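Colleague: Submitted below is the structure of interest, expressed as structure tokens.
Written out as structure tokens, the structure is:
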């Protein structure tokens, strides 16, 4: 995997580079957030590994920039900050995983392998559009339309709808939604789910259209034609 590692601790960065190279990775090490920003867009990458506290742009800012540019390359954050709010912030800004320092190198490899499996499955799922009734979602183009009319969704609304459509005619639990949309299992987000379901309904289930989004009390939500 072609990997960009951004770590300002020279000893740790070189140690991680050595280990990743021995595992068969192609690795480029940068120690500055501004330099990393330039490198990100000069080449195609299979994996990003960022420290949070960096000179110039932080790892979180790099995450935001990458996701703003609609780049879906997996991102792993390495940080000495281990509080739940630190992890939540990183995941909310686009990171796919968060590893607290100090960590065992083999754990990093296991996290990368797990991310790679998820990404491969994800790419396979993206080969086809998702449908329900006259609703269509195209992930690659980041477009949603119903009855041929385009619907403008925020990033979280889009991911929420995608999660529901991937499980069409099945109940989707709050835990699954939290993991897929907010990349967390924190219960503090459960009220946010209700809010975003309401947002989706206001845009998807408009007057005159068949109601597609259903609440299954005590279990979660479902998208279905009836």
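In full-length UniProt numbering, the protein residues as written are 1 to 226.
Backbone N, C-alpha and C fix where the C-beta goes; we use that ideal spot for every residue, glycine too.
Keep in mind that this is a model prediction, so the values were computed, not measured.
#1: How would you write the range of the beta strand (DSSP E) that residue 214 sits in, first residue to last?
#2: Hey, residue 30 and residue 36 are a contact pair by Cβ (cut 8 Å); roughly how many whole angstroms apart?
#3: So which of 6, 27, 143 and 177 has the shortest CA-CA distance to residue 229?
#4: Could you give the residue range of the alpha helix (DSSP H) that holds residue 157?
#5: Rounded to whole angstroms, what's the CA-CA distance from residue 41 to residue 68? Just pull it up for me.
#6: Exposed or buried, what is residue 183 when buried is set at 16 or more other beta-carbons lying within 10 Å of its beta-carbon?
#7: My output table needs one value for residue 176: the three-state DSSP class, helix, strand or coil.
#8: Rounding to the nearest angstrom, what Cα-Cα distance links residue 139 and residue 129 in this structure?
#9: Whole angstroms are fine: how far does the CA of residue 133 sit from the CA of residue 156?
#10: Spell out the partners DSSP gives residue 204 in its beta bridges.
#11: Which same chain residues, not among the five before or five after residue 105, have their C-beta less than 6 Å away from its C-beta?
#12: For the beta strand (DSSP E) that contains residue 78, what are its first and last residues?
#13: Taking the Cβ atom as the reference point for each residue, do residue 216 and residue 171 lie within a distance shorter than 8 Å?
#14: Output the distance between the C-alpha atoms of residue 89 and residue 211, rounded to the nearest integer angstrom.
#15: Just mark residue 206 as buried or exposed, buried being the case when its beta carbon has 16 or more other beta carbons within 10 Å.
#16: Mind listing, in chain order, the continuous alpha helix (DSSP H) runs of no fewer than 4 residues lying wholly within the UniProt domain "Response regulatory" (2–116)?
#17: Apart from the five residues on each side of it in sequence, which residues of its chain come closer than 6 Å, Cβ to Cβ, to residue 59?
#18: Whole angstroms is fine: what's the gap from residue 285's alpha carbon to residue 15's?
#19: Please state whether DSSP places residue 171 in a helix, a strand or coil.
#20: Out of curiosity, what's the CA-to-CA distance linking residue 8 and residue 71?
#21: Just to confirm the assignment, what range does the beta strand (DSSP E) spanning residue 146 have?
Modeller: Let me lay it out:
#1: 213–216
#2: 4 Å
#3: Because the chain in this structure spans residues 1 to 226, residue 229 falls outside the shown range and cannot be described.
#4: 155–166
#5: 13 Å
#6: buried
#7: helix
#8: 7 Å
#9: 22 Å
#10: DSSP lists no partner for residue 204.
#11: 19
#12: 75–79
#13: yes
#14: 34 Å
#15: exposed
#16: 10–22, 33–40, 59–68 and 84–92
#17: 50, 51, 52 and 77
#18: This structure cannot settle anything about residue 285, because the visible part of the chain is limited to 1 through 226.
#19: coil
#20: 23 Å
#21: 143–146
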